[in-house]
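Asks: Have a look at this one.
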Amino acid sequence: MSNIAIVGTQWGDEGKGKLVDLLAEHADAVVRFQGGNNAGHTMVVDGEQFISHLVPSGIIQGKICFIGNGMVVDPQVLIEELDYLESKGVKAGPDRLKISEKAHLIMPYHKSIDHGRERMKGEKKIGTTGRGIGPAYEDKATRRGIRFIDLLEPEVLKEKVITILDEKNFYLKNYLNGEPLDGEAIIAEFTKYAERLAPHVTNISVELDQIVKSGQRILFEGAQGTHLDIDHGTYPFVTSSSTVSGNACCGAGIGPKHINGVLGIVKAYTTRVGAGPFPAELFDDIGDQIQSKGAEFGATTGRRRRCGWLDVVLLRNAARLNGLTGLAITKLDVLGGLKTLNICTGYDHQGTRRDDFPASLKVLGECKPIYETLPGWDEDISGVRKFEDLPENARNYLKRVEELTETPIQIVSVGAGREATIVLENPFNK
Ligand code: GDP
Ligand code: IMO
Ligand code: MG
1104 MSNIAIVGTQ WGDEGKGKLV DLLAEHADAV VRFQGGNNAG HTMVVDGEQF
1154 ISHLVPSGII QGKICFIGNG MVVDPQVLIE ELDYLESKGV KAGPDRLKIS
1204 EKAHLIMPYH KSIDHGRERM KGEKKIGTTG RGIGPAYEDK ATRRGIRFID
1254 LLEPEVLKEK VITILDEKNF YLKNYLNGEP LDGEAIIAEF TKYAERLAPH
1304 VTNISVELDQ IVKSGQRILF EGAQGTHLDI DHGTYPFVTS SSTVSGNACC
1354 GAGIGPKHIN GVLGIVKAYT TRVGAGPFPA ELFDDIGDQI QSKGAEFGAT
1404 TGRRRRCGWL DVVLLRNAAR LNGLTGLAIT KLDVLGGLKT LNICTGYDHQ
1454 GTRRDDFPAS LKVLGECKPI YETLPGWDED ISGVRKFEDL PENARNYLKR
1504 VEELTETPIQ IVSVGAGREA TIVLENPFNK
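Residues 1104 to 1533 in this note's numbering are what the sequence shown lists, from first letter to last.
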């Protein structure tokens, strides 16, 4: 297949970064199409760990990387990331990292508002990453956002900042009890970012079109996960962008006929950071064991991730919403040592079985998981590189996931390193 999209199927942190890094070997370009530095994508190459928040995870493989128009970008974080990569010997200059002129900027007031709102919500907070994501997308939708193209036009930038800051400062001071911000300081700060980032800014839709026309291959890198999607997730406990594969087109500026396959990344169990319903959540020693063996702490905020059993209701929902053509199962090694494993195959809602994912949070909160129990395995599988070398019970677990989701497993990951992978079928070769 020429171009593929990689998306998270659960609530994020499925291991997208590892899979994008691995498969970028077969691609010529890698594009992020939504989200911002709420994402934390981890790659481990030759024992060294890289966490990227904004730069696509194909950068380590030396591929041309694109920041899509669908993203919201904190320029300070981007510059820090570029400097870090260069310091590690990874090329990240303007010929390697291109930024859409239409991508929106996360401004200092977006971060202040994100923090202020969460503080005011108290117990009822969403548990956002505090990076200003929601307020930035909000300004995009209300047509007051600031885009990279504005950075290149100093007079426009100045006028936009001064105009919007009046209202933002009023809201910050009088509603959120926060500190007002200084417009001149923001303009000076962003003028410096403009100088540094201008050479990266381009019309990426045109460049991607040329890549497609020359027969080269593109990998679209999703962030977050299907159940954090603004439309299809557990609203309002979601992020503010569309995380499903369809948005790879809008968020990069390319037509749907150019996406030929969609790989859904599935953690072998379920995790969630932040608040919101989670029917298969574990509150016992097994949950603690998975959390500690899986080192389940957020790559962006360091928060402890909530853990639970694999939930196939989520996966079937993700298969349909994204048009998944294959699955990559990650962190299978973490389940080793458990006597039995549960898979949530449906929900019991007040005595009635439900196989769909309810839109009502009230109903979802009342749903009890219906489990199917499979035998576990004791062996350490982190060194296994062939499917047939996995313990029989691990193979059976995977086969059952394949049956229940009606989607073929193409890749199994058994460790954080690039090499700790079993490739059953290369999604690019299908
Ligand atoms: P992403 O946001 O989807 O890219 O995922 P994160 O990087 O936030 O979280 C996944 C975590 O699991 C990272 O620390 C990875 O290094 C790690 N990881 C990925 N695949 C595996 C695996 O198969 N086994 C183990 N033990 N760790 C993995
Ligand atoms: P990756 O790409 C896991 C969650 C936050 C919060 C909700 C809204 O690494 O999988 P936001 O800051 O986006 O307004 O927060 O979404 N969230 C993530 N959870 N992985 C992520 O990204 C996430 N990005 C946002 O914890 O519950
Ligand atoms: Mg992550």
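Cβ atoms here follow ideal geometry from the backbone N, Cα and C, with glycine treated the same way. Predicted model only: the values in this text are computed from it and were never measured.
1) When we look at the beta-carbon of I1265 and count the other beta-carbons within 10 Å, is it buried (16 or more) or exposed?
2) Which value, in whole angstroms, describes the spacing of the CA atoms of I1289 and I1154?
3) Got a sec, what are the start and stop residues for the beta strand (DSSP E) K1201 sits in?
4) When we look at the beta-carbon of P1211 and count the other beta-carbons within 10 Å, is it buried (16 or more) or exposed?
5) Closer than 5 Å between the C-beta and any heavy atom of ligand 3: which residues qualify, listed along the chain?
6) Just reading off the alpha helix (DSSP H) that P1380 is part of, what are its end residues?
7) How long is the line joining the alpha carbons of G1518 and K1396, rounded to whole angstroms?
8) Since I believe L1435 is in contact with I1484 (beta carbons under 8 Å), could you give me their beta-carbon distance rounded to a whole number of angstroms?
9) Should E1506 be labelled buried (16 or more other beta-carbon atoms within 10 Å of its own) or exposed?
10) What three-state label does DSSP hand E1324 in the structure shown?
11) Taking 7 Å as the threshold (C-beta atoms), are N1106 and I1514 in contact?
12) Just how far apart, CA to CA, sit G1237 and G1219?
13) Are the segment 1379-1387 and the segment 1454-1470 touching by the rule of at least three beta carbon pairs closer than 8 Å?
14) Examine the Cβ distances between the segment 1519-1532 and the segment 1124-1136 and report whether three or more of them are shorter than 8 Å.
15) Looking at ligand 1, does it come within less than 6 Å of D1483, judged from the CB to the closest heavy atom?
16) In this structure, how does DSSP classify P1211 when only helix, strand and coil are distinguished?
17) Any chance the segment 1368-1377 sits against the segment 1409-1416, with 3 or more Cβ pairs inside 8 Å?
18) Is the beta carbon of R1488 less than 7 Å from the beta carbon of L1125?
19) My understanding is that G1118 touches T1433, with C-beta atoms under 8 Å, so please give their C-beta distance in whole angstroms.
20) Please work out which residues of its chain come closer than 7 Å, Cβ to Cβ, to I1314, disregarding the five sequence neighbours upstream and downstream, and give them in chain order.
21) Expressed to the nearest angstrom, what Euclidean distance is found between the alpha-carbon atoms of C1168 and E1184?
22) State the CB to CB distance for the pair G1401 and G1143, rounded to an integer number of angstroms; the pair is presumed to be in contact (CB under 8 Å).
23) Note down, one range per segment and in chain order, each alpha helix (DSSP H) of at least 4 residues found wholly within the segment 1122-1180.
24) Between the C-alpha atoms of A1582 and I1267, what's the straight-line distance to the nearest angstrom?
25) Just the Cα atoms here: how many angstroms apart are P1283 and I1170?
26) Following the continuous beta strand (DSSP E) through N1445, name the residue where it begins and the one where it ends.
27) What are the start and end residues of the alpha helix (DSSP H) that includes K1471?
28) I'd like to know if the segment 1364-1373 and the segment 1108-1115 are in contact, where contact means that at least 3 CB-CB pairs between them fall below 8 Å.
29) Under a Cβ-count criterion, where at least 16 other Cβ atoms within 10 Å of its own Cβ denotes burial, should P1339 be classed as buried or exposed?
30) Does the beta-carbon of G1219, which I'm using as the reference point, lie nearer than 6 Å to any heavy atom of ligand 2?
31) Residues in the same chain with beta-carbon distance under 7 Å from P1359, minus the five sequence neighbours each way, listed in chain order, please.
32) Alpha carbon to alpha carbon, how far is K1442 from K1502?
Replies: This is what the structure holds:
1) I1265 should be labelled exposed.
2) 28 Å
3) L1200 to S1203
4) buried
5) D1116, G1143 and A1402
6) Counting along the chain, P1380 falls outside any alpha helix (DSSP H), and DSSP gives it neither H nor E.
7) Distance from the CA of G1518 to the CA of K1396, rounded to the nearest whole angstrom, comes to 11 Å.
8) 7 Å
9) exposed
10) strand
11) no
12) When rounded, the separation of the alpha-carbon atoms in G1237 and G1219 is 12 Å.
13) yes
14) yes
15) no
16) helix
17) yes
18) no
19) 3 Å
20) D1131, A1132 and I1321
21) Taking C-alpha positions only, C1168 is separated from E1184 by approximately 13 Å.
22) 7 Å
23) none
24) Residue 1582 lies beyond the range of the chain shown here (1104 to 1533); nothing can be said about it.
25) 30 Å
26) T1443 to H1452
27) Unbroken run through K1471 is the beta strand (DSSP E), K1471 to P1478; no alpha helix (DSSP H).
28) yes
29) exposed
30) Not one heavy atom of ligand 2 lies closer than 6 Å to the C-beta of G1219.
31) C1352
32) About 18 Å.
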